[in-house]
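Heads up, the thing below is written out as C-alpha cells.
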Amino acid sequence: MNSPLAHRQHAPRIEDDALVRGNGRFVDDPRLPNQAYAAFVRSPHAHARVVSVNADAARKAKGVLAVLTAEDIKAAGVAGISRHPPVVGRGGAKMVMPLRSALAETAMHVGDAVAMVVAETRAVAQDAADLVQVEYEELPAVVDLDASMKGKTQLFPDAPGNLCVDWPGPVASEQNERETAEIIAKAPHVARVSVNHQRLIVASMETRGATGVYDKESDSYTLRACSQSADALRSQAASIMGVPNDKLRVITEDVGGAFGMKTTVYPEYVAVLVAARKVGRPVHWQSTRSEAFMSDCQARDAVSRVELALDDKGKFLALRVRHLCNQGAYIANAGININTNNFARCLPGMYRIPKVDVGVACYFTNKVPIAPYRGAGRPEANYALERAVEEAARVIGMDPVRLRKKNLIPPSAMPFKTPINTYDSGDFPGIVDKAIKLADVDNFGKRKRESAKRKKLRGIGVSCMLEHSGATPMEMASLAFADGDKMILGLNVQSTGQSHATVFGHLLAGKLGIDQTKIEHRHGDTNLGLTGGASVGSRSAMCAGNAIVHVADVMLAKGKRVASAALEASESDIQYRNGSFEVVGTDRKISLFDTAKRAKDMGESLDTKDKADTPLTFPNGCHIAEVEIDPDTGFVDLVTYTAVDDCGNPLDTMIVEGQVHGSIAQGLGQALTEDAVYDSNGQLISGSFMDYGMPRAHHMPVELREAMHPVPATTNPLGVKGTGEAGTTAAIAAVMNAIAHAIPNGAA
5 MNSPLAHRQH APRIEDDALV RGNGRFVDDP RLPNQAYAAF VRSPHAHARV
55 VSVNADAARK AKGVLAVLTA EDIKAAGVAG ISRHPPVVGR GGAKMVMPLR
105 SALAETAMHV GDAVAMVVAE TRAVAQDAAD LVQVEYEELP AVVDLDASMK
155 GKTQLFPDAP GNLCVDWPGP VASEQNERET AEIIAKAPHV ARVSVNHQRL
205 IVASMETRGA TGVYDKESDS YTLRACSQSA DALRSQAASI MGVPNDKLRV
255 ITEDVGGAFG MKTTVYPEYV AVLVAARKVG RPVHWQSTRS EAFMSDCQAR
305 DAVSRVELAL DDKGKFLALR VRHLCNQGAY IANAGININT NNFARCLPGM
355 YRIPKVDVGV ACYFTNKVPI APYRGAGRPE ANYALERAVE EAARVIGMDP
405 VRLRKKNLIP PSAMPFKTPI NTYDSGDFPG IVDKAIKLAD VDNFGKRKRE
455 SAKRKKLRGI GVSCMLEHSG ATPMEMASLA FADGDKMILG LNVQSTGQSH
505 ATVFGHLLAG KLGIDQTKIE HRHGDTNLGL TGGASVGSRS AMCAGNAIVH
555 VADVMLAKGK RVASAALEAS ESDIQYRNGS FEVVGTDRKI SLFDTAKRAK
605 DMGESLDTKD KADTPLTFPN GCHIAEVEID PDTGFVDLVT YTAVDDCGNP
655 LDTMIVEGQV HGSIAQGLGQ ALTEDAVYDS NGQLISGSFM DYGMPRAHHM
705 PVELREAMHP VPATTNPLGV KGTGEAGTTA AIAAVMNAIA HAIPNGAA
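Numbering (the numbering used here), first residue to last: 5 to 752.
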C-alpha cells in the first residue's frame with residue numbers, strides 16, 4: 005500500500021488561485037436575499053450600569069427595522085454567552101463563570117455591546133446607532149492585575165477578591181508543594197525571576213463578522229460566521245440559543261486569519277440570530293477595525309514568578325512557578341484552560357527537573373476577555389522557564405548553553421516521564437547542537453567586537469522550546485465518491501490560512517495512490533455531519549491527518565470486499581496498490597473509482613465517515629536570536645535569527661516553513677513592539693494601528709536561518725507533531741535573552 009507521506013514535500017498551494025484572483029468567499033462577501041444589516045451601540049465606559057436606553061429617535065429613522073436591548077435578549081430565552089469546561093480550584097473550589105449577556109445590562113469593559121440596531125443598509129444602521137441614547141451609572145473600574153488582586157472594588161458578587169479560580173496545578177498535592185519548597189530552601193543556588201507577559205491584540209486581516217438567518221417553517225437557524233470549526237461554534241451557539249444542534253446550521257467559508265481568536269461564540273453572533281427571528285430577515289454584521297480593537301478577545305496579560313533550584317554543578321533540582329492572570333471582564337472560550345493546563349503542560353520543557361510545582365490564579369478586571377492566541381499559554385511558559393534558566397546561568401557563573409546542555413533530557417531516555425507529562429520522542433541535544441552550529445555561536449565574540457567598533461551593543465539569546473499539541477484528541481473525516489472520478493474529502497477542522505486543501509489533499513492522494521486533482525476538499529459546514537475540535541493548538545495536521553488515514557483504511561476495507569466480488573477472487577487474494585484493487589499474482593484489477601461505481605450498482609457504498617483519536621505530541625526546538633542595540637536610542641535590530649525545529653514528519657515542508665516564519669513574526673511582535681495599553685479608567689489607549697505596535701516587515705531578522713530536525717512522534721501513525729505555534733513559543737525568550745545579554749550587567 006502507498007505511503008501516506010508519499011507527497012509530503014510540497015506543491016503549489018491549491019488555495020492560492022482563487023485568493024489571488026479575488027474569488028475568495030469571506031463572511032462579508034455573500035449577499036443573501038432581503039438581507040438586513042446590524043450595528044452595535046457600545047459602552048464608552050469600562051464599568052457602568054445601563055440605567056436606560058432611549059431608542060425612539062433610532063426607531064423612527066428611515067430604513068430602521070428594529071432596535072434590540074438586553075430586554076429583547078431575555079425575551080428570546082437566550083442563555084449566557086460564556087461556555088467553558090469546569091476547572092477545579094484549590095480545595096475543590098469551583099471556577100466562577102459570571103453571566104455574560106449578548107447585550108449587557110452592566111457594561112464590563114469599553115466596547116461591551118449594550119444595544120443593536122437593524123436596518124436596510126449598513127450605513128443606515130450605523131447612523132441610527134448614533135441616535136440611541138444610553139444613560140449610564142459609571143462604576144469604579146478595575147484595570148490592572150494588582151488592583152484586581154487587592155479586591156477593593158468587587159466586580160462580581162460570586163467572585164470574592166475578583167478571583168475566578170486558584171488552580172493548584174497538575175501535580176496538586178500538599179506533599180509535592182512541601183517537598184519542592186524544601187528543595188528550593190536547601191539548594192546551593194536558586195534563580196528567581198518575575199516576567200511580564202503584556203496584553204496583546206490579535207488583529208487578524210479579516211475582522212469578525214456573522215450573518216444570522218431564521219427559517220420560520222422549520223423553526224431553525226443558520227449562522228454564517230468566520231470560525232475555526234463550524235461544529236465547535238455550533239456546539240456553543242446551539243446551547244446558548246437553547247435549541248438542539250440539528251436546529252442550527254453553521255457555515256464558515258474562507259477565513260482571513262484567526263490564531264485562536266475566532267474559536268469562541270461572541271455576543272454579536274447570538275444577537276444577529278435573535279434579530280433575524282425578530283425581523284424575519286437575514287441580519288448581517290461585520291466588525292469595523294475600531295470595534296475589533298475593543299471587542300475581539302485579546303491575549304496574554306499575565307505575570308509569572310519562577311524559582312529554579314540548582315546544585316553546585318548546575319544540575320536542576322526543582323522548579324516552582326506561580327502564574328497570575330488578568331482574565332478580563334468575562335470568561336471566554338478556553339480562556340482559563342490556556343492559563344492553567346496549557347501553561348503547565350509545557351513544563352519542565354526540555355529539561356530533567358525532578359520536582360515541579362505550578363500554581364495559577366486568574367482574576368477578573370474591566371478589560372476585554374482573554375482567549376486563545378497563537379501559542380495559548382505555551383509562549384508564557386517557555387518565556388518564563390527560559391528566562392529562569394538564563395538567570396540560573398548568571399547565578400552559578402556558567403555559560404548558558406553549557407548549563408542547558410547539562411540538563412537536557414537525552415534521546416536514550418525516551419519515552420520520558422516528567423512530573424507533568426510523558427514525552428514520547430525527541431532529540432533535544434541534537435537540536436541544540438544543530439542550532440548552535442547554524443547560528444555560528446562560536447564566532448559571536450568576533451561579531452560583538454565589530455559591533456562595538458560602531459558603538460553598538462550586541463547580544464545573543466538561546467531559547468530551548470518544548471510545547472504540546474493536540475489536546476483535543478478526537479477528529480472526524482469523511483470520504484465520498486461523486487459522479488465521475490471525483491472524491492470529496494470532508495473535514496471538520498477549518499482552514500484559516502494553513503493550506504488544508506493542499507496538505508490534506510496531498511496526504512490522501514499519497515495514501516490512495518491517486519492524482520490529487522481528483523480530490524475535492526470540503527469543510528466549514530455542519531451539514532457535513534462531522535465533529536471534532538477547532539483548528540487550534542497545532543492539532544489539525546496530526547488529528548485530522550490521522551483521521552484521514554484511518555477513514556481511508558476503513559473505506560479500502562469495504563472496497564476490498566466489493567473488488568473481490570467484481571474480480572471473482574477471494575478477498576484474501578485482493579490487494580490495493582496505486583489506485584486499484586488487484587488480484588495478487590495476476591494482471592486483473594479494478595480502479596478505486598470503478599470499484600465505487602460497482603458498489604453503487606450492488607446497492608452498497610464506499611462512502612465512509614469515521615473518527616480517530618490522536619494523543620498529545622510534544623513539538624520542540626531551539627531558537628537563537630542575535631541582536632544589535634543602539635545605546636543612544638534603544639533601538640533593537642534583530643540581525644540574525646536561527647530556528648531548528650522538530651515537528652515530527654513534515655507533511656509539506658513548504659507549508660511547515662511558512663508556519664514557522666509566521667509564528668516567529670508574531671513572537672517577535674510580542675518581544676519588540678506590541679502592547680495593548682489601557683489607562684487607569686479602562687480606556688484602550690492603543691486602540692488603532694496608529695497606536696498599536698503591530699510588527700512590520702522590517703522587524704523581521706535580516707537573516708533567518710532555518711532547519712528541521714525531525715524525530716517522528718510515536719503517538720500517531722504519521723509521526724506528525726504540531727508546528728503552527730512553535731515560532732511564537734520560542735521567539736519571545738530568544739529575543740529577550742539576547743537583549744539581556746547585550747546590555748552591560750544584564751537586564752531584568
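Cβ atoms here follow ideal geometry from the backbone N, Cα and C, with glycine treated the same way. Just so it is clear, the structure is predicted and the values come from calculations on it, not from any experiment.
ask   = Are the beta-carbon atoms of His510 and Gln520 separated by less than 8 Å?
value = Taking the first residue of the sequence shown as position 1, residue 510 is located at position 506. Taking the first residue of the sequence shown as position 1, residue 520 is located at position 516. In this structure, Gln520 lies closer than 8 Å to His510 by Cβ.
request  = Determine the extent of the alpha helix (DSSP H) in which Arg281 is found, giving its start and end residues.
outcome  = As a position in the sequence shown, residue 281 is number 277, starting the count at 1. From DSSP, the alpha helix (DSSP H) with Arg281 extends over Pro271 to Val283.
query = Roughly how far, in whole angstroms, is the beta-carbon of Glu632 from the beta-carbon of Lys460, given that I think they are within contact range, below 8 Å?
reply = Within the sequence shown, the letter at position 628 stands for residue 632. Within the sequence shown, the letter at position 456 stands for residue 460. That pair is a contact at about 5 Å.
Nearest candidate by alpha-carbon position, reference Val138, set Gly173, Leu72 and Pro174 = The residue given as residue 138 occupies position 134 in the sequence shown. For the residues Gly173, Leu72 and Pro174, the minimum Cα distance to Val138 belongs to Leu72.
message = Judging by CA-CA distance, which residue of Met606, Gly607, Tyr580 and Val588 is the nearest neighbour of Leu596?
response = By 1-based counting over the sequence shown, the position of residue 596 is 592. The shortest Cα separation from Leu596 among Met606, Gly607, Tyr580 and Val588 belongs to Tyr580.
Beta strand (DSSP E) runs wholly inside the region 373 to 437, at least 3 long, in chain order = none
task = Check the DSSP bridge columns for Ile342 and list the partner residues they point to.
result = Taking the first residue of the sequence shown as 1, we reach residue 342 at position 338. DSSP lists no partner for Ile342.
message = Taking only three categories from DSSP, how would you classify Lys490?
response = For the purposes of this step, residue 490 is taken as the residue at position 486 of the sequence shown. Lys490: strand per DSSP, three-state reduction.
request  = May I ask you to report which of helix, strand or coil DSSP gives Arg17?
outcome  = Here residue 17 refers to the residue found at position 13 when the sequence shown is read from its first residue. The answer is coil: DSSP assigns Arg17 none of H, G, I, E or B.
ask   = Excluding sequence positions up to five away, which residues of its chain have a Cβ less than 6 Å from the Cβ of Leu312?
value = Translated into the one-based positions of the sequence shown, residue 312 becomes position 308. Result list for Leu312: Ala195, Leu323, Ala392 and Ala396, in chain order.
ask   = With DSSP run on the structure shown, which of helix, strand or coil describes Ile357?
value = Within the sequence shown, residue 357 is the residue found at index 353, counting from 1. Three-state DSSP puts Ile357 in coil, outside helix and strand.
message = Looking at Gly686: is its Cβ nearer than 8 Å to the Cβ of His51?
response = In the sequence shown, counting from the first residue as 1, residue 686 sits at position 682. In the sequence shown, counting from the first residue as 1, residue 51 sits at position 47. Yes, Cβ-Cβ distance for Gly686 and His51 is below 8 Å.
query = Which whole-angstrom value describes the C-beta separation of Val436 and Ile464, a residue pair presumed to lie in contact below a C-beta threshold of 8 Å?
reply = The residue you call residue 436 lines up with position 432 of the sequence shown. The residue you call residue 464 lines up with position 460 of the sequence shown. Contact flag wrong, Cβ pair sits at about 14 Å.
task = Would you please state the rounded distance, in angstroms, between the beta carbons of Pro623 and Asp656? I believe it to be under 8 Å.
result = Taking the sequence shown and counting its residues from 1, the one referred to as residue 623 is at position 619. Taking the sequence shown and counting its residues from 1, the one referred to as residue 656 is at position 652. At roughly 16 Å, the Cβ-Cβ gap does not stay under 8 Å, so Pro623 and Asp656 are not in contact.
Check whether Asp679 and Gly697 have beta carbons under 8 Å apart = Within the sequence shown, numbered from 1, the residue matching residue 679 stands at position 675. Within the sequence shown, numbered from 1, the residue matching residue 697 stands at position 693. Yes, the pair counts as a contact, with Cβ atoms nearer than the cut-off.
inquiry  = Could you compute how far the alpha carbon of Ala752 sits from the alpha carbon of Pro286?
reply    = One-based indexing of the sequence shown puts residue 752 at position 748. One-based indexing of the sequence shown puts residue 286 at position 282. Note on Ala752: pLDDT 47, under 50, position unreliable in the model; no value is reported.
key: Distance CB(Val724)-CB(Ala545) smaller than 8 Å   = Taking the first residue of the sequence shown as 1, we reach residue 724 at position 720. Taking the first residue of the sequence shown as 1, we reach residue 545 at position 541. Yes; because the gap between Cβ atoms is below 8 Å, this pair is in contact.
ask   = Cβ of Val540 within 8 Å of Cβ of Gln232?
value = Numbered from its first residue, the sequence shown carries residue 540 at position 536. Numbered from its first residue, the sequence shown carries residue 232 at position 228. Taking 8 Å as the Cβ cut-off, Val540 and Gln232 qualify as a contacting pair.
query = Under 8 Å, do His627 and Ala486 count as touching if we go by C-beta distance?
reply = Along the sequence shown, one-based indexing puts residue 627 at 623. Along the sequence shown, one-based indexing puts residue 486 at 482. Not in contact: His627 and Ala486 (Cβ atoms no closer than 8 Å).
ask   = Around the C-beta of His504, are 16 or more other C-beta atoms found within 10 angstroms, so that it is buried, or is it exposed?
value = Residue numbering aside, residue 504 sits at position 500 when the sequence shown is read from its first letter. With 16 or more Cβ atoms within 10 Å of its Cβ, His504 is classed as buried.
key: 7 Å Cβ shell around Gly28 - same chain, five flanking residues per side excluded   = For the purposes of this step, residue 28 is taken as the residue at position 24 of the sequence shown. Closer than 7 Å at Cβ, skipping near neighbours: Ala22 and Asp258.
message = Assuming contact is defined by CB atoms lying nearer than 8 Å, are Gly625 and Ala735 in contact in what I supplied?
response = Position 621 of the sequence shown, counted from the first residue, corresponds to residue 625. Position 731 of the sequence shown, counted from the first residue, corresponds to residue 735. Cβ distance not < 8 Å, so Gly625 and Ala735 don't count as in contact.
query = What's the C-alpha gap between Thr732 and Asp300?
reply = Residue mapping note: residue 732 aligns to position 728 of the sequence shown, counting from 1. Residue mapping note: residue 300 aligns to position 296 of the sequence shown, counting from 1. Those two C-alpha atoms are separated by around 20 Å.
message = Check whether the region 487 to 495 and the region 639 to 653 touch, using three or more Cβ-Cβ pairs below 8 Å as the test.
response = no
query = Where does Glu178 fall in DSSP's three states?
reply = Counted from its first residue, the sequence shown places residue 178 at position 174. Looking at Glu178 - three-state DSSP - the assignment turns out to be helix.
query = Helix or strand or just coil, what does DSSP make of Gly454?
reply = Looking up residue 454 in the sequence shown gives position 450. In the sequence as displayed, the identity of residue 454 is Glu instead of Gly. Correct three-state label for Glu454: helix.
task = Since I believe Ala123 is in contact with Ala117 (beta carbons under 8 Å), could you give me their beta-carbon distance rounded to a whole number of angstroms?
result = In the sequence shown, the residue the question calls residue 117 occupies position 113. In the sequence shown, the residue the question calls residue 123 occupies position 119. Actually they do not touch by this definition, with Cβ atoms about 16 Å apart.
Sequence-distant residues of the same chain with beta carbon closer than 6 Å to Leu110, five excluded per side = Counting from 1 along the sequence shown, the entry for residue 110 is found at position 106. For the record, residue 110 in the displayed sequence is Thr; it is not Leu. Excluding sequence neighbours, Thr110 sits near Arg53.
query = How many Å lie between His11 and Leu516 at the Cα?
reply = Within the sequence shown, numbered from 1, the residue matching residue 11 stands at position 7. Within the sequence shown, numbered from 1, the residue matching residue 516 stands at position 512. Its pLDDT being 42, under 50, His11 is placed unreliably in this model, and the coordinates cannot settle the point.
request  = Compare the beta carbon distance of Tyr334 and Arg104 with 8 Å and say whether it is the shorter of the two.
outcome  = Locating residue 334 in the sequence shown gives position 330, counting from the first residue. Locating residue 104 in the sequence shown gives position 100, counting from the first residue. Contact flag set, yes.
message = Short of 7 Å in beta carbon distance, which residues of its chain neighbour Thr125, apart from the five on each side in sequence? Order them along the chain.
response = On the sequence shown, residue 125 is found 121 positions in, with the first residue counted as 1. Tyr41 and Gly67, listed in sequence order.
Alpha carbon of Gly758 to alpha carbon of Ser542, nearest angstrom = Any property of residue 758 remains undetermined from this structure, which presents the chain solely from 5 to 752.
request  = State whether the region 125 to 136 contacts the region 148 to 159, with contact taken as three or more CB pairs (one from each stretch) at a distance under 8 Å.
outcome  = no
ask   = Which runs of the alpha helix (DSSP H) spanning at least 4 residues fall entirely within the region 546 to 602, listed in chain order?
value = 549 to 570
query = Is the region 364 to 374 close to the region 158 to 172, with three or more CB pairs under 8 Å?
reply = yes
query = Whose C-alpha, out of Val715, Gln674, Lys78 and Pro716, is nearest the C-alpha of Arg700?
reply = Indexing the sequence shown from 1 puts residue 700 at position 696. The residue with the shortest Cα to Cα distance from Arg700 is Gln674.
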